[in-house]
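A.B. asks:
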Amino acid sequence: MKANTPAERLINGIVKENPTFVLMLGMCPTLAVTTSATNGIGMGLTTTVVLAASNLMISLLRKFIPDGVRMPAFIVVVASFVTIVQMLLEGFIPSLYASLGIYIPLIVVNCIILGRAEAYASKNPPVPSLFDGIGMGLGFTLSITCIGAVRELIGAGQLFGAQVLPLADSASGKIGYEPVTIFILAPGAFFVLAFLSALQNKFKLGAAKRGIDPSNPDSCGGACASCGNSMCKGRRE
Amino acid sequence: MKELLIILISSALVNNVVLSQFLGLCPFLGVSKKIETAAGMGGAVVFVITLSSFVTGLIYKFILIPTNLEYLQTIVFILIIAALVQFVEMFLKKAMPSLYQALGVYLPLITTNCAVLGVALINVQKDYNILQGTINGFATAVGFTISIVLMAGIREKIEYNDIPKAFQGFPSVLLTAGLMAIAFFGFSGLI
Numbered sequence: 001m002k003a004n005t006p007a008e009r010l011i012n013g014i015v016k017e018n019p020t021f022v023l024m025l026g027m028c029p030t031l032a033v034t035t036s037a038t039n040g041i042g043m044g045l046t047t048t049v050v051l052a053a054s055n056l057m058i059s060l061l062r063k064f065i066p067d068g069v070r071m072p073a074f075i076v077v078v079a080s081f082v083t084i085v086q087m088l089l090e091g092f093i094p095s096l097y098a099s100l101g102i103y104i105p106l107i108v109v110n111c112i113i114l115g116r117a118e119a120y121a122s123k124n125p126p127v128p129s130l131f132d133g134i135g136m137g138l139g140f141t142l143s144i145t146c147i148g149a150v151r152e153l154i155g156a157g158q159l160f161g162a163q164v165l166p167l168a169d170s171a172s173g174k175i176g177y178e179p180v181t182i183f184i185l186a187p188g189a190f191f192v193l194a195f196l197s198a199l200q201n202k203f204k205l206g207a208a209k210r211g212i213d214p215s216n217p218d219s220c221g222g223a224c225a226s227c228g229n230s231m232c233k234g235r236r237e
Numbered sequence: 238m239k240e241l242l243i244i245l246i247s248s249a250l251v252n253n254v255v256l257s258q259f260l261g262l263c264p265f266l267g268v269s270k271k272i273e274t275a276a277g278m279g280g281a282v283v284f285v286i287t288l289s290s291f292v293t294g295l296i297y298k299f300i301l302i303p304t305n306l307e308y309l310q311t312i313v314f315i316l317i318i319a320a321l322v323q324f325v326e327m328f329l330k331k332a333m334p335s336l337y338q339a340l341g342v343y344l345p346l347i348t349t350n351c352a353v354l355g356v357a358l359i360n361v362q363k364d365y366n367i368l369q370g371t372i373n374g375f376a377t378a379v380g381f382t383i384s385i386v387l388m389a390g391i392r393e394k395i396e397y398n399d400i401p402k403a404f405q406g407f408p409s410v411l412l413t414a415g416l417m418a419i420a421f422f423g424f425s426g427l428i
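Line by line, the protein sequences are chains G and P.
In terms of my numbering, the first sequence opens at residue 1 and continues consecutively.
In terms of my numbering, the second sequence opens at residue 238 and continues consecutively.
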C-alpha cells in the first residue's frame, strides 16, 4: 500500500505498529485504567482525541517550532489539548471523568503522544499526521479494551458492565462462576499483560521458525522502558 | 505529626506508586536490570520528586489560586517539572560533580516519568498543604526506590533461571511485578 495515505496510516496504527502490543508504549494507563472494558474504551477514545488533535497541530506548526525547543513546545501543545478534553469530560461525561480520575491529566506524559509527535507529526504534512494520530489512538483503544475485557470477565464475570457468567451463590447453593477478584486489583493487570505479551512472543517465534522475517519493531528490547524513557525520542523511522 | 507519619507510610508502602498506582512504570521496567543502576535511578527520583512537589505546591498556592487559574495546573506543572529537572542537572554539574556523575544519566529521563506529575496532581487533589505535599512526594519516591531496587535484585537472579522462550524478557518481568504487588498488599494492615 502506498505510504502516508490516510488508509495506510490507519492500518499501520491499528495493526502493524499497534502502540500497546507492538511498540509497548503508554504502559501506565494501559495497566491502571483497564479494570473494565468500558473504562478501557473511555481512556482509549480520550487519548485518541488528544493524539489526533495534537498531531494535527504539531504538524501544522512544524515549520515554525525551532528545533532546540521542540520538546517543550510539543509538551505545551499536548498539555493544552489534555486540559480542554479534561474540562469537556468533566462537563459532559462526569461518570467517566470520575472513574478515570488522575489518569486523564496524566495523558500529557503518555509516551504514545510525544512519541508520535516526535517521530511522525514533526516531519510529515497535516493530513497524514491527523490520520496517524487517529490510527494510533484506535490501536491503543482496541488493545486496552481487550485487556479490560479479559480482566473484567475473569475478575467479575462481566463484560461492559453486563453479567455474562452467572455468579455462584453459596446461600442458595446455586452453582455458578466464582469471580477471581485479584484480576480487578493491581496484580491482575500485571498478570494479564504478561500473558498477552508472552502470547505475542510465541507468535513471533513461530513466524521466525517458518522463515518469515519477524522484523522486530521494538528495537528498545521489548519495553519502551528499556530506553528508560517514556519519550523514546524518534526511535522509530 | 501523626498525620505526617500516616502519609509517609501510606505513600511509601501501602499505596506504592508503582505496584498499586501504576505510575512510573517505564523506568521501573526499563532501568531495573542491575541493582546499582536501579539505586541510582531511585536516588535521582527521590531528589526530583521531593523538590518538584515542594515547588509545585508553592506555585499552586501562591500563584494559581490567587489568580483563579487552577484549571491550568496540568500545563503549569509539567513545564515546572521540565524546567526544574533541567535546572537541577545544570546545578549539580557545576556544584556537585560527584553527585552529578552518579545521577547524571538518569536526570533527563525523569521529566517524562509520570510519577513526578502524578504526585503533583495527587497533592492538589487531596488538598495537602505544602509540608504534607512535600512529605507525600518524598514518601512516594522512597516507595518507588524500594520497589525498583527489589525488582532489580529479583531480575539479577532470574537471569540464571530456565524460562520458557515465550516468557523470557518482558513477560517474566511483568509476572514478577504482579507477585510483588500481591506481596505489597500485606502492608495494607499497617494503617
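Glycine included, C-beta positions come from ideal geometry on N, C-alpha and C.
(1) Rounded to the nearest angstrom, what separates L256 (chain P) and G370 (chain P) at their Cα positions?
(2) Please list the terminal residues of the continuous alpha helix (DSSP H) segment that includes N4 (chain G).
(3) Around the Cβ of S54 (chain G), are there at least 16 other Cβ atoms within 10 angstroms (buried) or fewer (exposed)?
(4) Tell me the residue span of the alpha helix (DSSP H) that contains N305 (chain P).
(5) What does M87 (chain G) touch in chain P if you count any residue whose Cβ is under 8 angstroms from its own?
(6) Below 7 angstroms CB to CB, which residues in the same chain sit around Q200 (chain G) once its five sequence neighbours on both sides are set aside?
(7) In chain G, which residues lie with their C-beta within 7 angstroms of the C-beta of Q185 (chain P)?
(8) My understanding is that C263 (chain P) touches C146 (chain G), with C-beta atoms under 8 angstroms, so please give their C-beta distance in whole angstroms.
(9) With a cut-off of 8 angstroms on the beta carbons, I'd call L89 (chain G) and Y97 (chain G) a contact; round off their distance for me.
(10) Touch check for the stretch 309-317 of chain P and the stretch 68-76 of chain G: three-plus C-beta pairs under 8 angstroms?
(11) Quick one: measure Cβ to Cβ for V356 (chain P) and T377 (chain P), integer angstroms, because I've assumed they're closer than 8 angstroms.
(12) For the 8 angstroms Cβ check, are there 3 or more pairs between the stretch 30-38 of chain G and the stretch 152-160 of chain G?
(13) Under the three-state reduction of DSSP, which class applies to Q405 (chain P): helix, strand or coil?
(14) Taking the C-alpha atoms as reference points, what is the distance between F265 (chain P) and G390 (chain P)?
(15) State the Cα-Cα distance for the pair I65 (chain G) and S409 (chain P), rounded to the nearest angstrom.
(16) Does any CB atom of chain G fall closer than 9 angstroms to the CB of G380 (chain P)?
(17) Near A156 (chain G), which residues of its chain fall below 7 angstroms by C-beta distance, leaving aside the five closest residues on each side in sequence?
C.D. replies: With the structure as the only source:
(1) Position 19 of the second sequence, counting from 1, holds the residue named residue 256 (chain P). Position 133 of the second sequence, counting from 1, holds the residue named residue 370 (chain P). If you take the alpha carbons of L256 (chain P) and G370 (chain P), they lie about 21 angstroms apart.
(2) Your numbering for residue 4 (chain G) matches position 4 in the first sequence. Counting along the chain, no alpha helix (DSSP H) covers N4 (chain G), and no H or E run does either.
(3) The residue given as residue 54 (chain G) occupies position 54 in the first sequence. S54 (chain G) should be labelled buried.
(4) The residue given as residue 305 (chain P) occupies position 68 in the second sequence. N305 (chain P) -> no alpha helix (DSSP H), and no H or E assigned at all.
(5) Here residue 87 (chain G) refers to the residue found at position 87 of the first sequence. Within 8 angstroms Cβ-Cβ: Y308.
(6) Counting from 1 along the first sequence, the entry for residue 200 (chain G) is found at position 200. Excluding sequence neighbours, Q200 (chain G) sits near F21.
(7) The structure shown does not extend to residue 185 (chain P), since chain P spans only 238 to 428, so no value can be given for it.
(8) Taking the first residue of the second sequence as 1, we reach residue 263 (chain P) at position 26. Taking the first residue of the first sequence as 1, we reach residue 146 (chain G) at position 146. Not a contact, Cβ separation roughly 21 angstroms.
(9) Position 89 of the first sequence, counting from 1, holds the residue named residue 89 (chain G). Position 97 of the first sequence, counting from 1, holds the residue named residue 97 (chain G). Confirmed, about 4 angstroms.
(10) Yes, they touch.
(11) The residue labelled residue 356 (chain P) in the question sits at position 119 within the second sequence. The residue labelled residue 377 (chain P) in the question sits at position 140 within the second sequence. The Cβ separation is near 5 angstroms, so the contact holds.
(12) As far as the Cβ criterion goes, the stretch 30-38 of chain G touches the stretch 152-160 of chain G, which means the pair count is three or higher.
(13) As a first step, residue 405 (chain P) is located in the second sequence; it is residue number 168 there, counting from the start. In the three-state reduction of the DSSP assignment, Q405 (chain P) falls in the coil class.
(14) Start at 1 with the first residue of the second sequence, and residue 265 (chain P) comes out as number 28. Start at 1 with the first residue of the second sequence, and residue 390 (chain P) comes out as number 153. Going from the Cα of F265 (chain P) to the Cα of G390 (chain P) covers about 13 angstroms.
(15) Stepping through the first sequence from its first residue, residue 65 (chain G) is reached at position 65. Stepping through the second sequence from its first residue, residue 409 (chain P) is reached at position 172. Cα to Cα, I65 (chain G) sits roughly 42 angstroms from S409 (chain P).
(16) Here residue 380 (chain P) refers to the residue found at position 143 of the second sequence. No, G380 (chain P) lies away from the interface with chain G (no Cβ there is under 9 angstroms from its Cβ).
(17) Stepping through the first sequence from its first residue, residue 156 (chain G) is reached at position 156. Around A156 (chain G): P179, I184.
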